[in-house]
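Take a look at the structure set out below.
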Amino acid sequence: MKRLGERIKKKRELLHLQLNDLAKRVGISASALSQIEKAKAFPSIVTLKNIAENLHTTVGDLIGENEMLSQNPLITASDRKFVESNAGGSELYLLSHHDPLKQMETYLIRFKPGSDISDFFAPHAGQVFCHVLQGVYRFLLDGEPYMLQPGDSFYFNTVLEHEVQLTEGESGELLWVVTPPNA
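Residue numbers (full-length UniProt numbering): 1 to 183.
Below you can see the structure in the form of structure tokens.
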């Protein structure tokens, strides 16, 4: 998280933007942006995307995805990039290397009891593939409820309203694949 704040500040300063100016463009307070730059707070994906757009860069660049660029297709468990956590305690990890031509973004979402995926993904036109690794989930898609258990998969268009919540288990994990990437 510290490196994210450092990257944001460095890019902001390279563009000769004052903290207040970037904060206004992004739609957050200057104190919130200052907290992000000092690694005392973590932005939502929506805020991070707005910061990236206003700094003329990508979310991947800000979170250090480009630092992992290599010919090696392997990402070990220790190479996973923490992206963010939400108020419910769910955590989002990036599982894919940077590739300007990639067609999807792959995440691991870790859940605590009763937590959900709120605040992780901005509405966008695309598709999601979800595979349950651990836990039992209530999945609401366009008002229709589904129960997912380990081994179950779900594929849907993201224009449909959707919610996912861990309903059983001490913790849970989902594999979450999004197209297009950076959505």
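For every residue, glycine included, the Cβ atom is placed at its ideal position computed from N, Cα and C.
| Query | Result |
| --- | --- |
| Paired residues, beta bridge with Q134 - DSSP | E173 |
| Boundaries (first-last residue) of the alpha helix (DSSP H) holding R25 | 19-26 |
| Where A125 falls, given that 16 or more other Cβ within 10 Å makes a residue buried | exposed |
| Residue of A87, S115, R80, A122 minimising C-alpha distance to Y107 | R80 |
| Through-space distance from L15 to V178, alpha-carbon basis | 31 Å |
| Euclidean distance between Cα positions of E161 and E37 | 33 Å |
| Where the alpha helix (DSSP H) through T47 begins and ends | 45-54 |
| Inter-residue CB distance, V164 and I117 (contact presumed, cutoff 8 Å) | 5 Å |
| Beta-carbon spacing of I109, L95 below 7 Å | no |
| Under the three-state DSSP convention, the category E13 falls into | helix |
| C-beta atoms of H131 and S153 nearer than 7 Å | yes |
| Terminal residues of the alpha helix (DSSP H) in which V159 lies | Run containing V159: none; DSSP gives neither H nor E here. |
| Residues bridged to I109 (per DSSP) | L92, L174 |
| Nearest candidate by alpha-carbon position, reference A77, set N86, V26, Q149, Y93 | Y93 |
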